[in-house]
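A quick write-up on the structure given underneath.
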Amino acid sequence: MHATLPRLARTDFPALRRNRLDTLQVNLGYRCNQACLHCHVNAGPTRTEMMDADTIGLVLKVLALAPFSSLDLTGGAPELHPQFRDLVRAARALGLRVIDRCNLTILHEPFQQDLARFLAQHEVEVVASLPCHSVDNVDRQRGAGVFAASILALQQLNALGYGRPGSGLVLKLVYNPQGPSLPPDQARLEADYQQVLREQHQVEFNQLLVITNMPIQRFGSTLISRGQFETYMDLLRGSFLRDNLDHVMCRSLISVDWKGYLYDCDFNQQLGLAAGLEVLSADDGAPHLRDLLDGGVEGAPIRVADHCYGCTAGQGSSCGGALGT
């Protein structure tokens, strides 16, 4: 796979500093039952990286002491971690909003048949990847049969109340472009999704999040192989909007990898760009979860590189979809 950091490290992206943290985003490991083309984590069935029990315990200690309001669980498929459910239970007991970044097909995997009911029981917010409302486009990007399996999973979640008015069970869908282009307008695309999924599949959901594909890991390597990397970067740079800097996710979120090290966002994690915190508690000098026990990080510098233009291009992009929505 082609390395993308050498093409991204030199940048003129504006300097950023952190605001008050409200979200701890935890990557529980890179194992996944899918291997999607757009995946910026390069996750897949053969990955073995997994957060250990001691680090899980440290996550909970940080959540209990630091002023976080949300725990955002991601992977790979975070549900494949053997302590996923224990972590959800403990975080909910602390009164935290818990987000599960779910690929939907995980609900059909062995030993996961009761997963949807578990998520509903603990009122976990489900953010589910469905990169298109067309079977051909989804299966091309994610594998044969994935669209049908995803629709069945959405219908299962709907049957439990997810996406239904007044249920309190939040179901959000995630759209990624099929290739090196910016996502369409989030509100207009959401209306299309709502109409197609309701009329053709009797599926309801609360919100659509559109996310720009990042030129890193598997997607970035594919761009290099196809000779499209620089053209895509030109598109991102040329679509930069300064107003988006006030809303980028790295200003209020911090990302934790499966070893417990800290990054300013999940994308920086995949590039190995450690968080720009002025702390050196770990043996190798990289910021670690334990550093969050020592106090706030408000005002700390944020590591930037050219991929940051992906979050600030056009309507902007973050783990919460288009910026300012």
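Number 175 in my numbering belongs to position 144 of the sequence shown; there are no gaps in the numbering. The beta carbon of each residue, even a glycine, is placed where N, CA and C say it ideally should be.
By the criterion of at least three beta-carbon pairs nearer than 8 angstroms, the stretch 216-231 is not in contact with the stretch 267-282. Under the 10 Å beta carbon count, Met264 is surrounded by 16 or more other beta carbons and is classified as buried. In this structure, DSSP gives Glu261 a helical state, which the three-state scheme calls helix. Counting only residues of its own chain and dropping the five nearest sequence neighbours on each side, Gln187 has a CB closer than 7 angstroms to the CB of Leu138, Ala147. Within a 10 Å sphere around the beta-carbon of Phe142 sit fewer than 16 other beta-carbons, which makes this residue exposed. Closest option to Cys339, judged by alpha-carbon separation, among Ser270, Leu324, Leu320, Ala331: Ser270. Rounded to the nearest angstrom, the gap between the Cα atoms of Pro318 and Arg51 is 17 angstroms. Beyond the five residues adjoining it in sequence on each side, Ala184 comes within less than 6 angstroms, by CB distance, of Leu135, Leu138 in the same chain, given in chain order. Look at Gly352 here: in three-state DSSP terms it is strand. Only exposed fits Leu96, as fewer than 16 other CB atoms lie within 10 angstroms of its CB.
The straight-line gap separating the alpha-carbon atoms of Thr86 and Arg41 is approximately 33 angstroms.
Annotation note: the stretch 104-140 contains the following uninterrupted alpha helix (DSSP H) runs of length 4 or greater, listed N- to C-terminal: 115-124. Here the C-alpha atom of Pro162 lies approximately 33 angstroms from the C-alpha atom of Val93.
In the DSSP assignment, Phe271 forms a beta bridge with Ala344. Note that the C-beta distance between Leu102 and Val157 is not below 8 angstroms. Under DSSP, Lys92 shares a beta bridge with no residue. A straight line joining the alpha-carbon of Arg48 with that of Met280 spans about 12 angstroms. Residue burial is scored here from C-beta neighbours: Gly291 has at least 16 other C-beta atoms within 10 angstroms and is therefore classed as buried. With 16 or more other Cβ atoms from the protein chains shown falling within 10 Å of its own Cβ, Thr343 counts as buried. Judged by DSSP secondary structure, Asn58 falls within the beta strand (DSSP E) whose first and last residues are 54-58.
In the DSSP assignment, Tyr224 falls within the unbroken alpha helix (DSSP H) covering 217-232.
If the five residues before and after Arg78 are omitted, its C-beta is found closer than 8 angstroms to the C-beta atoms of Gly60, Tyr61, Arg62, Cys63, Gly107, all from its own chain and listed in chain order. The DSSP-derived three-state label of His319 is strand. Fully enclosed alpha helix (DSSP H) runs of no fewer than 4 residues occupy 166-173, 177-190 of the stretch 160-212, in order along the chain.
With contact defined as three or more Cβ pairs closer than 8 angstroms, the stretch 188-207 and the stretch 237-249 are in contact.
The beta carbon of Arg334 sits closer than 6 angstroms to the beta carbons of Asp295, Asn299, Leu304, Gly307 from its chain, once the five residues preceding and following it are set aside; these are given in chain order. Beta-bridge pairing by DSSP links Tyr292 to His319.
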